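A.B. asks: Sequence lines, in order, name chains U, F and R. Add 134 to the 1-based position in the first sequence for our numbering, that's all there is to it. Add 29 to the 1-based position in the second sequence for our numbering, that's all there is to it. Add 2 to the 1-based position in the third sequence for our numbering, that's all there is to it. We put the CB at the ideal spot given by N, CA and C, even for glycine. Just so we're clear, the structure is a prediction, and the values are computed from it rather than from any experiment. Please see the structure below; I have some questions.
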Amino acid sequence: MRRALPILVVLAGLLAVIAVAQPNFLAPAALLAFVKRAAPLVILAAGQYFVIVSGEYDLSVGSLVTAEVVVAARLLDGSAEATWPVLALLVVLGLLVGLVNGVVTTLLRVPSFISTLGMLLILSGAIFLWTGGAPRGALPPQFRELGRGSLGPVPWSVLVLVAVAAGAICAMRAGFGHTLIAAGDNDRAAALSGVHVARVRTVAFMVSGLSAAVAAILLGGFAGVSAQVGQGLEFQAITAVVLGGVALGGGRGSVVAAMAGAFTLEALFTLLNLYGVSGALEPAVQGVIIIAAVALGGMSLPRGRAAAAS
Amino acid sequence: MHDCVLKMTGITKSFQGVRVLDGVDLEASAGEVHAVVGENGAGKSTLMKILAGAHAPDGGSVEIDGRTVVFGHPVQAQRAGVAIMHQELSLLPERTVAENVFLGREPVRRGLVDRAAMESATAELLDSVGEESFGPRDLVRRLPVARRQVVEIAKALSLNARIVVMDEPTAALAEHEAELLHTLVRRLASRGIAILYVSHRLREILDLADRITVLKDGSRVTTADASTMDAPTLVRLMIGRELDSYYPPRAAEPPGPVKLSVRGGGNARLRGIDLDLRAGEIVGLAGLQGSGRTELAKALFGAAPFTSGEMTPCRPCSVREGIAAGIGLVTEDRKAEGLLLNQPVRDNALLVTRATRMRRPGIERLLERVGLGPLRPTQEVRLLSGGNQQKVVLARWVAAAPRVLLLDEPTRGVDVGAKAAIHELTRELARDGTAVLMISSELPELIGMSDRIVVLRDGRIAGALPAGSTEESVMRLAAAS
Amino acid sequence: MTQQLDLRRLPAVGSFLRRLSADRPARAVYVALALLIVVGWLLFALDGGRFLSQENIVGIQQRSAALGIVAVGQTLVILAGSLDLSVAYLISLTTLVAAETMGGADAGVPVAVAAVLAVSATAGLVNGLIVTRLRVHAFIATLGVALVIRGVLDDRYDGPAGSVPESFQHLGYDRVGPLPVSALLWAAVAASAWFLLSRTRLGCRIYAVGGDAEVARLSGVRGERVVVAAHVLCSLCAGIAGLLLASRLGAGAPTVGTDGGYDLESIAAVVIGGTALAGGRGGVAGTVGGVLLLAVLDSIFNQLEVDSFAKDVVRGVVLVAALAIHARRRTA
C-alpha cells in the first residue's frame, strides 16, 4: 500500500479538481458512473501489471479486445441463446492468446516487445480478414447487460471490477505474486532458487489475456460492435501502469498502484472533457499530462539503470 | 618515502547525517603500493570515490603533486592523473579493446575518429604491460575477467595516470590469475605510479604492499610499513579485537552417512566425476579458474546437469529437481545470480521456500540464525553491505534446510568480520548434519575450513587431500601440466 | 613476439570488411534475406514470373525506401538505449508541413525542406529532452509526444492538404538508371548513419551510452547529449521519410504515417536486423537487411496476390519467427 501512496494522492487531487468543476461528481451515482466508465481500463491495467512486473510488455491487448468483441458479435449475431457459451469462449480465447504470447516469449526467447507486437499484427490482420473490413453481426442485449446493466444501484461492471481487483491483489499477495516479482527483478537468481520463470511469466501473459477478455465483454456492452473498440488500449494500459509507479523492466511496483494509475488516467480524461478539451485536441493535452505525471512520479524516486530491459 | 604524489588530509564525509569518514589522512608516494584495508563500512570505498571525483568531501583537502585539487566529476580526476579500477569493471563488453581504452577520448583526425591511431596506441600499451593474449580489436565480451582488468590498466596508462586506485581487483580472480595481476601491479609501481590497493585478502596485501593504511569506522587507525605487519595484527586493527582463530574448529566426530554421491558424472565441461559428500563434513573444492568448479556445483544442483554417470539419491535435471532432492546452491555471482536487489530482505530470504512451496520458517528466527538479527525484514537488499547481502542469500538456503549445501565462493568481496560469521555458520550447518561442498579461490580459507579437499583440473578430479594440507600441495595438483 | 605484433597492427585496409563481417547479427539477417530471395525466386518461377526482374527489384526498393529511412533513424535511438514511438505521427505531420509550405510552387521547395527539417529536429529535441531531463522512460515519453502530434493533426486536418509541385515529385518517382531516386536517398541516409556510427565520436558514444550509461559517464561521456542527439537524428530521418512520402502522394496526408505503421514496423526492422532492443549492440547494416527482408516478403505476397489483411498476419508470424531464430542462435 505504501508504494501506491503517491499515485493515490494524485488521484485524490484530480477527483477533488473534478468535484470543484462539477459539484455533484462526488455523489454516489456519479461516482459509480465514473468507476463504471473506468472499469475496462482498470482491468486491463491490472492484467498488464502482471506482465510488466515480471519484466515483459504486452502490446497485444488492444487488438485482442477488438478481436473478442468482433468475434462475439459475429458468433451471436444478435441472438441471445448462445450468450453464455460465447462468453466462455471469449475467456478461453483471451487465455489462449496469452498462452501463445507467453510461450513465444519464454520458450522461443523472443523479446516480448516483438512477440506481442507480432500478436498485435496477427490479430488485427485476422479480424479484418475474417470480417472483410467491417465488423458484422450484433451483440444481443443479454450480452450487453454486463457492460450496461446494474444490480440494484451498482453497475455490473463495477462488481466485475471489484472481483478482478480482489483477485489481482490476492494473487500478488500469494506465493505466485512473490515469484512473479522475483522473476521480474532478477530472472537468473529466481531460476536458481527454484522459481519456474518461464511458467510464471506465461501465466502473467495469460492473466493479461484474460483481463483483455473481461474488458472486451464490458466494452462490448458499453459501446457495441466496432473495429476501433480496442484501438490504443495497449498503450493506455501500459501508461496507466507506469503512471502508478511500476517500473518498466520489472520487479518494482504494486498492482494497487497500477489500478490507481488507470483510475487517474480515466479521471484525467473526465477532467479534459469537463473543461471542454474534447475531440481533436484531447490527445495532445493527454500526451502532455501523461509525460508530466510520469516525470513528476520519477522525480522523487532514485532511478536504477534500465539494464534489465535486456 | 619521498616524492609524495598524493596527500589527502582531514577528509570528512557524511551521508544523510551519518558520518562515513572522519578526518582521514592518506598519503602515497610515486612507485609505492599503498594498501587500504578495513571492514565493510570502514569508509574505504567512500575515500576512494572522493579521490576519484565521484563524491565531493565535506571537509579536508586533496593534494596531487603538491597542488590542491577539487574534483566535481570523475573526468576531472582522470585529467589530474587519478585512474580508478572499480570492483565492477567499467568496460563495455560489446565494444573492442581499443574503443574501451579510448572511450570518451577517441583520437580524431580531421573530425573523424582515427581508428588506426587508436588501435596502434592500444597495441603499444598492451605491449608495455606484456599482454600478448589479445589485441586492440578483440571484443571485450570475448575476454576472460582477468584479461579485462588488463584492459582497465591499459586505460589507466593511456590517461598517463600518476595514481591508480584498485578497488578489490582480485575479488573475482583465481589464485594464479591474482599472481599475474600482482606482477602487473609491481610493474606499474616500478614506473613511478602510486597505487592505492583496496583488498580483503590479507595475505595478498602483506605480500604486495609497501605501506598499509587501516581504516575503522571512518577513521584512520594507522599507517605502517607492510614489513612491520602480520595478518593477526591487521585483523586486530581492523575489527578492534582479536579473532581467536581464523577458522572455526573442525568437527570432532568422523563424518556421518553419505548424503550425495556421484560416480562417473560428466557433461560438456566435466568428465568422470566421482565424489561423495557426507553429513557433517565440509569438502573444499579447489581448482584454477576454468577448471570446472562452478560447473561441478551447478551439475550437482541440476542447473547445468550431468549428462552421464550415476548420482544418488537422484540425478537432478533441473534446479527444481535439485531442490526437491535436498540440494542447495549459493552462487558465485551474488548480484547476477543470487539477489533480488529491489526486494526486501524477507522476500529474498524466503524465495526458495516460496518458489517450491516448502514450509516457511519465521523470518525473525531465520535472520537471527544467519547473524542478521538486527536487520528489518522490510529493508531493500540493494542497500545492504556485501557481507549482509551474502548472509541474506545464505538465509534463503538455511530456510530450505537442504541436506547438501553447495557454496560457490561464499566469502568473495566480504569483509573480515562477515567472513568469520559465514565460516562459523557454515561449520554450524555441517555440525547439524548438512553435507557441505565449498568452493573458494582463496587457498588459506579453503584449507582452514575444509575437512577434505578435492582438486579439479580441466573438468576432472585431479586428486583429494586431507585436512591441513599445504597450499603448495593443492596448487601442485591444480596446476600440474 | 614481433610476429604477433605485426599481426596486431594490421593496416587499416580491410578493417572495413573485418568490421562488417564481425557484425554477426547482421550476417544472420542477410542469410535469411538470401534464403527468402531464393524462395521468392522459386515461387515466382512456378507462378510464371521473374522475381529478379528489374521491375520487381525497383518495386522492392521503392517500397523499402520510406520505411528504410525511418528504420535507420530508429537504429540510432535504439543503439543509444532509447526508443521512438512518435515517428509515425511525425511523418504525417511532416508530409503536411512539406505540402502546405510548397503550395504547389517550385519556389517553395527549399523553404519547405528547411521547414520539415526544423519541425522534425524540434520534435526530436523534445523527445530527447523529455527522456534525459525529465527522466521519463522513452516508451512513455515518445508515446506522449506522439499523442501531442496526433492532437495537432486531428485538430487541424480532416484529410489531405497542400500540394507538391511536379518538380518535387521526381524524388518519389524518378530513376537514375535502374535505381529509383528514393532508393538512392535511402542508401545515402544509411551510409551516413553507418559512417556516423563507425567513424565519429558521436557514433562511439551512442554505442557506449546504450551499452552502459554508467560506464560511459565515468569515462566522461555526456550521456544526455548523446541521447538527445540520437533522438534529433532519428526525427530528422522521419522528416526525410515524410518528404519522400509527400513527393509520392503529391500532397500532405494526416494518416500516412500511422497507416504505414512506421513506428512499430521500423522498430521491428531494427530488431530483425540484430540490434538489441536494450541498446549498445547492432548497427545500420543489419537494419538495412531487416527492411529489405520485409520488402521482399511484401513483394512475394503481391505476386501471390495475398489478401492485404492476411499479409499482416504473415508478417506478424515472420517477425516473431525471425526473432525466435535469433534467440536460438545467441544461446547456441
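1) Applying the criterion that 16 or more other CB atoms from any shown protein chain within 10 Å of the CB defines a buried residue, is H452/F buried or exposed?
2) Per the DSSP calculation, A315/F is bridged to which residue(s)?
3) Quick one: using the 10 Å Cβ neighbour count with 16 as the cut-off for buried, is Y183/U buried or exposed?
4) Could you tell me whether any Cβ in chain F is nearer than 7 Å to the Cβ of G282/R?
5) Please name the residue, chosen from L220/R, T77/R and V72/R, that lies closest to Q105/F on a Cα-to-Cα basis.
6) Along chain R, which residues have their Cβ under 7 Å away from the Cβ of E202/U?
7) Please go through the segment 77-151 of chain F and give each complete beta strand (DSSP E) segment of 3 or more residues, from N-terminal end onward.
8) Residues of the segment 183-213 of chain U in Cβ contact with chain R at a cutoff of 7 Å, in chain order, please.
9) Please return the same chain residues whose Cβ sits closer than 7 Å to the Cβ of V331/U, not counting the five positions on each side in sequence.
10) When burial is assigned at 16 or more other CB atoms within 10 Å of the CB, is E284/F buried or exposed?
11) Quick one: Cα of R137/R to Cα of G379/U, how far?
12) Look at the Cβ atom of A59/F, then the Cβ atom of V91/F, and state whether they are nearer than 7 Å.
13) Ignoring anything shorter than 4 residues or poking outside the segment 141-206 of chain U, list the alpha helix (DSSP H) runs there in chain order.
14) To the nearest angstrom, how far is it from the Cα of D376/F to the Cα of H312/U?
15) Any beta carbon from chain R within less than 7 Å of S347/F's own beta carbon?
16) Pull up the distance between the alpha-carbon of S23/R and that of I425/U, whole angstroms please.
17) Would DSSP call C304/U helix, strand or coil?
18) Return helix, strand or coil for R322/U, following the three-state DSSP convention.
19) Using a Cβ cut-off of 8 Å, which residues of the segment 204-217 of chain R contact any Cβ in chain F, in chain order?
20) What's the call for Y409/U, buried or exposed, on a 16-neighbour Cβ count within 10 Å?
21) With distances taken between CB atoms, is the gap from G282/R to E123/F smaller than 7 Å?
22) Check each residue of the segment 404-417 of chain U: if its Cβ is closer than 8 Å to any Cβ of chain R, include it; give the result in chain order.
23) Please list the partners that V223/R has in chain F, where partner means a Cβ-to-Cβ separation under 8 Å.
24) Looking at chain R, is there any beta carbon in it that lies within less than 7 Å of the beta carbon of L317/F?
25) Of all Cβ atoms in chain F, is any one closer than 7 Å to the Cβ of F18/R?
26) What is the C-beta distance between A240/R and S84/R, in whole angstroms, given that I count them as a contact (C-beta under 8 Å)?
27) I'd like to know if the segment 485-494 of chain F and the segment 315-334 of chain F are in contact, where contact means that at least 3 CB-CB pairs between them fall below 8 Å.
28) By the 9 Å beta-carbon criterion, what residues does the segment 174-204 of chain R contribute toward chain F?
29) Ignoring anything shorter than 3 residues or poking outside the segment 215-285 of chain F, list the beta strand (DSSP E) runs there in chain order.
30) Can you list, in chain order, the residues of its chain whose CB lies under 8 Å from that of V298/R, leaving out five sequence neighbours each side?
31) When you compare only the Cα positions, how much space is there between L382/U and V296/U?
32) Kindly indicate if chain F contains any beta-carbon less than 7 Å away from that of L220/R.
33) Can you name the residues that DSSP bridges to V53/F?
34) Helix, strand or coil for S23/R? Go by DSSP, reduced to three states.
35) Taking 7 Å as the CB-CB limit, is S187/F close to chain R?
36) Look up E339/F in the DSSP assignment and say whether it is helix, strand or coil.
C.D. replies: Quick answer:
1) buried
2) For A315/F, which the question treats as bridged, DSSP gives the partners V484/F.
3) buried
4) yes
5) With respect to the C-alpha of Q105/F, the residue from L220/R, T77/R and V72/R having the closest C-alpha is L220/R.
6) Here the premise fails: no neighbours, minimum Cβ distance about 17 Å.
7) 88-93, 96-98 and 111-114
8) none
9) A317, D321, A324 and A325
10) A small fix is needed here, since residue 284/F is Pro in this sequence, not Glu. Here P284/F is buried. Its C-beta has 16 or more other C-beta atoms within 10 Å.
11) 13 Å
12) no
13) 162-187
14) Going by the C-alpha atoms only, they are around 7 Å apart.
15) no
16) Confidence is the limiting factor: at S23/R the pLDDT is only 45, short of 50, which leaves the residue's position unreliable, though a coordinate-based value still follows. The straight-line gap separating the alpha-carbon atoms of S23/R and I425/U is approximately 41 Å.
17) Correct three-state label for C304/U: helix.
18) In this structure, DSSP gives R322/U a helical state, which the three-state scheme calls helix.
19) G205, C206, R207, Y209, A210, G213, D214, E216 and V217
20) By the neighbour-count rule (16 or more Cβ atoms within 10 Å), Y409/U is not buried but exposed.
21) yes
22) G413, A414, L415, E416 and P417
23) L132 and G133
24) no
25) Any reading at F18/R must be qualified, since the residue scores a pLDDT of 49, below 50, and its modelled position is unreliable; the value itself is stated next. Chain F, which has no Cβ nearer than 7 Å to the Cβ of F18/R, makes this no.
26) With a Cβ gap of about 14 Å, A240/R and S84/R do not count as contacting.
27) The segment 485-494 of chain F vs the segment 315-334 of chain F: in contact.
28) F197, S200, R201, T202 and R203
29) 223-227, 240-245 and 248-254
30) For V298/R, where only same-chain residues beyond five positions count, the Cβ hits under 8 Å are L35, L38, I39, G42 and I62.
31) 26 Å
32) Yes - at least one Cβ of chain F is within 7 Å of the one on L220/R.
33) Bridge partners of V53/F: I40/F.
34) Below a pLDDT of 50, predicted positions are generally treated as unreliable, and S23/R, at 45, falls in that range; the measurement from the model is reported next regardless. Helix at S23/R.
35) no
36) strand
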